[in-house]
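**Q**
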Amino acid sequence: MIRFLRRLQHRGQLNRLRERADVDSFPRSYVELCRALLGLGESASAMETAREGLERFPHSEDLRDILRHTWRQTKTLRIEQLRRQCHECQDELPFAELVQIYLECEEYDEAIEVAEELSRRLPESLRGPLMQADVLLRRFYKDHVAADARRAVALLKRVTDDREGDFEANFLLARVYHYVGATSKALFHVYRALDVEPDHEESRALHRLLINMPLEDGDENLLFRAVEERDRGNTQRAADPEAAAAEASRRLELKKNLGRLSQLVGVTRAAFVSDDWTFVAENGECRLLEEDATDALCDIARGFRAAAALSTKRMGLGSFHSSQLMAGDHTLQFHAVGRTVLLVESDKPARIDVIKQECVDFVASCLRKSGELLHA
Amino acid sequence: MREILSELNTTPGVKGSLVVSPDGIVIASELSNELDDDTTAALVGNVVTQTQRLLRVGRYSDMESMVLTASRGKIVIRNLSNCHLVVVTNQFINLDLTMLEITSAAGKIRELGRLPV
Chain A
1 MIRFLRRLQH RGQLNRLRER ADVDSFPRSY VELCRALLGL GESASAMETA REGLERFPHS
61 EDLRDILRHT WRQTKTLRIE QLRRQCHECQ DELPFAELVQ IYLECEEYDE AIEVAEELSR
121 RLPESLRGPL MQADVLLRRF YKDHVAADAR RAVALLKRVT DDREGDFEAN FLLARVYHYV
181 GATSKALFHV YRALDVEPDH EESRALHRLL INMPLEDGDE NLLFRAVEER DRGNTQRAAD
241 PEAAAAEASR RLELKKNLGR LSQLVGVTRA AFVSDDWTFV AENGECRLLE EDATDALCDI
301 ARGFRAAAAL STKRMGLGSF HSSQLMAGDH TLQFHAVGRT VLLVESDKPA RIDVIKQECV
361 DFVASCLRKS GELLHA
Chain B
377 MREILSELNT TPGVKGSLVV SPDGIVIASE LSNELDDDTT AALVGNVVTQ TQRLLRVGRY
437 SDMESMVLTA SRGKIVIRNL SNCHLVVVTN QFINLDLTML EITSAAGKIR ELGRLPV
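Chains as they are written, first to last, in our numbering: chain A, 1 to 376; chain B, 377 to 493.
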């Protein structure tokens, strides 16, 4: 009886958390819900909830950690089975499934390793280089590291050298060339892809886009580098009428939240810089900076993000996420997603970890999915 | 100095470490094969010089330390007055624990001495 009542109480608690998660503009409620599910031993539900939360808050580190944790719990056995099969048989299928499992949790390094292993074990198969290129390109679209795109293109060219009309290779090449602005090369490969599959919807849509784009200026390596430096592809953001309508309320919300962030104990100032808006906040007062206005804190945020992002990419460490900098009596915390950056200045004795968590939540909240602030 | 760096590199998760001058010239380095000495030093030098310049713009004091977190690794930079200790790690490292080792290595390098850079 007591167990039954306890279960009933837990169910009630979970329902309340779920209702809160549906309306909360911060990822915290989802995180709490996942933790409650984990506490009840419901790993699979926690994983699904984390995945659902990440769809709404794609940049929530906490939700990503929970997804990774639960993913390990639920997939370890299958991964071990597949690894054994990869060693024992001469078949592409276990390799492909293993790559797919790793991609579920964005474990790109492992996925690339598996695809490389397939290329070594079955050198005559084109599946290995194709999978490897696919994973590298997924990472390129996310991190904008030029080396990933260069490696992927080299692998795909190897495939098309062997099999000129390979649909997947040509389509992937067309897409990456379009992304970096190499229009003529993208057109060449999209035509080849359409020769093989004339009804492929994505290829047709890509073709429609490409015929209206200007031709490229410069070779592909320069274009990859340009994307790496800009931290942005050459493609236009899709027009989203709902997003435009929501822009005003989102701006107000961002202003209010940044103002609150600047009121945390120990925080002295905060700045938020994105392609759309620049805000500066101090003592709870937040103001929007006009396009031609300058502010030292925003210049620091912008300049530091650019230098840090380029260095981490070129060192092979991927995209820049955050930084903590101690300078005299101040601590500066930077939190970046692509070209968007939040900079929070605090007194040295402040509770850095508490401020850091608030910053992480702030970024996840203001880049939540519904259009206007998304860069991916 | 290389001994100190080698010892630091035995910490789990540390990919390599180096000491660079403020303008990015390598003084000593112990890096794994996946990292190139000169490229790493030049890139870190760029971040350090840009950061110092930006801090001056904002009228802050000099940088004492910095931790950069990226999707596939972390960089810890310690200002040792006339040079910088740079430690490159993987993304999974628990920096709270490793920081003690880094602080100890930084102290030893400082003691080694007033480097003529």
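C-beta: ideal position from N, C-alpha, C; glycine also.
Mind checking Gln324/A: buried by the 16 CB within 10 Å criterion, or exposed?
**A** buried
**Q** Please confirm if the stretch 80–87 of chain A is in contact with the stretch 97–114 of chain A, defined as three or more CB-CB distances below 8 Å between the two stretches.
**A** yes
**Q** Quick one: list the residues of chain B neighbouring His69/A, beta-carbon separation under 7 Å, in chain order.
**A** Those within 7 Å of His69/A in chain B number zero; the least Cβ separation is about 13 Å.
**Q** Is the shortest distance between the beta-carbon of Phe304/A and the beta-carbons of chain B less than 8 Å?
**A** yes
**Q** Is it a yes or a no for the stretch 247–266 of chain A touching the stretch 355–369 of chain A, going by three-plus beta-carbon pairs under 8 Å?
**A** yes
**Q** With the cut-off set at 8 Å, would you say Cys298/A and Ala327/A are in Cβ contact?
**A** no
**Q** Any beta carbon of chain A sitting closer than 8 Å to that of Asp438/B?
**A** yes
**Q** Within 10 angstroms of the Cβ of Ala218/A, are there 16 or more other Cβ atoms? Answer buried if so, exposed if not.
**A** Checking the sequence, you will find Gly at residue 218/A rather than Ala. Per the 10 Å Cβ criterion, exposed.
**Q** Does the pairing of the stretch 128–136 of chain A with the stretch 106–118 of chain A give three or more beta-carbon distances under 8 Å?
**A** yes
**Q** How many Å lie between Val424/B and Val402/B at the Cα?
**A** 14 Å
**Q** Pairing CB atoms from the stretch 385–400 of chain B with CB atoms from the stretch 459–474 of chain B, are three or more of them under 8 Å?
**A** Here the stretch 385–400 of chain B makes contact with the stretch 459–474 of chain B; the two share three or more CB pairs at distances below 8 Å.
**Q** Hey, Glu228/A and Lys313/A: beta-carbon distance below 8 Å or not?
**A** Cβ atoms of Glu228/A and Lys313/A: closer than 8 Å.
**Q** Should Ile2/A be labelled buried (16 or more other beta-carbon atoms within 10 Å of its own) or exposed?
**A** exposed
**Q** Counting contacts by CB-CB distance shorter than 8 Å, is Glu410/B in contact with chain A?
**A** For Glu410/B, the nearest beta carbon of chain A is closer than 8 Å to its own beta carbon.
**Q** Near Ala376/A, which residues of its chain fall below 8 Å by C-beta distance, leaving aside the five closest residues on each side in sequence?
**A** For Ala376/A, the pLDDT reaches just 34, beneath the cut-off of 50, and the residue's location in the model is therefore unreliable, leaving the point undetermined.
**Q** For Leu258/A, which residues in the same chain have their Cβ closer than 6 Å to its Cβ, ignoring the five residues on either side in sequence?
**A** Leaving aside the five residues that flank Leu258/A on each side, the residues in its chain whose CB is nearer than 6 Å to its CB run, in chain order, Ala270, Phe272, Phe279, Ala281, Cys286.
**Q** In chain order, what residues of the same chain lie with their CB nearer than 6 Å to the CB of His335/A, ignoring the 5 residues before and after it?
**A** Ser322, Leu342, Cys359, Val363
**Q** I need the straight-line Cα distance from Ser203/A to Phe188/A, nearest angstrom please.
**A** 12 Å
**Q** My output table needs one value for Met442/B: the three-state DSSP class, helix, strand or coil.
**A** strand
**Q** Listed in chain order, which residues of the stretch 321–333 of chain A have Cβ atoms closer than 9 Å to some Cβ of chain B?
**A** His321, Ser322, Ser323, Gln324, Leu325, Met326, Ala327, Gly328, Asp329, His330, Leu332
**Q** Can you check whether the C-beta of Gly371/A is within less than 8 Å of a C-beta belonging to chain B?
**A** Residue placement at Gly371/A cannot be trusted, given a pLDDT of 41 that sits under 50; what the coordinates show is reported in the next sentence. Answer no: the Cβ-Cβ gap between Gly371/A and chain B never drops below 8 Å.
**Q** Would you call the stretch 377–386 of chain B and the stretch 65–74 of chain A touching, i.e. three or more CB-CB distances under 8 Å?
**A** no
**Q** Rounded to whole angstroms, how far is the Cβ of Leu63/A from the Cβ of Tyr102/A, which I believe are closer than 8 Å?
**A** The Cβ separation is near 18 Å, so there is no contact.
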